[in-house]
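One structure below.
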Amino acid sequence: MAEETVFGKILSGEIPSTEVYSDEEFYAFRDINPGAPTHVLVIPRKPIPKITDATEEDAPLLGRLLLAANRIAEQEGLTEKGFRFVINCGEWGGQTVFHLHLHILGGRPLQWPPG
Ligand code: AMP
170 MAEETVFGKI LSGEIPSTEV YSDEEFYAFR DINPGAPTHV LVIPRKPIPK
220 ITDATEEDAP LLGRLLLAAN RIAEQEGLTE KGFRFVINCG EWGGQTVFHL
270 HLHILGGRPL QWPPG
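Heads up, the sequence shown is in the working numbering, so the first residue is 170 and it goes up one at a time.
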């Protein structure tokens, strides 16, 4: 069995987090090291290590992940001005936690490209 990640420990309550949203399939919480005034992480409860590990079977989950992230962005007051969704993948993509997560960043103008 794959070693449990910090996000697995957040899901089980072993590590504390600041909840933003929760349902039977997803959990969202504030990033501990925010890169913008609003920085929320949305994770599926299913531990998919990285986006490239998702399968055809995960297609509905991935669709619902985006829709949940839309609702959270709205709840956080980001929709009018705009915001960014980010999924880092692997070492060069900057992924440090190998439990699929979507970053929601907003609350100020964001630079592009991110560097
Ligand atoms: P990534 O680099 O895409 O894998 O993103 C991992 C994110 O998880 C980083 O932005 C970290 O700041 C964040 N992070 C790591 N540990 C925690 C934690 N215990 N609570 C909240 N966010 C965390």
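Don't be surprised by glycine CBs; every beta carbon is placed ideally from N, CA and C.
On a predicted model such as this, the values are computed, not experimentally measured, just so you know.
Here's a check: name, in chain order, each residue in its chain whose Cβ is nearer than 7 Å to the Cβ of residue i, leaving out the five neighbours to either side.
i, result
"I184", "V175, K178"
"I217", "A223, D227, L269"
"I256", "I220, L271"
"Q264", "K219, N257, C258"
Report the three-state DSSP secondary structure of residue i (helix, strand or coil).
i, result
"I266", "Rather than Ile, the amino acid found at residue 266 in this sequence is Val. Coil at V266, not helix or strand."
"G275", "strand"
"S186", "coil"
"I201", "coil"
Suppose the cutoff is 6 Å on Cβ atoms and the five residues either side in sequence are ignored; what does the same chain contact list for residue i look like?
i, result
"L279", "R253"
Less than 8 Å separating the beta-carbons of residue i and residue j?
i, j, result
"L230", "E188", "no"
"F267", "K215", "no"
"Y190", "A242", "no"
Based on DSSP bridge pairs, tell me the residues matched to residue i.
i, result
"F195", "P213"
Worksheet item: What residue ranges within the region 205-273 form continuous alpha helix (DSSP H) runs of no fewer than 4 residues, ordered along the chain?
Response: 228-244
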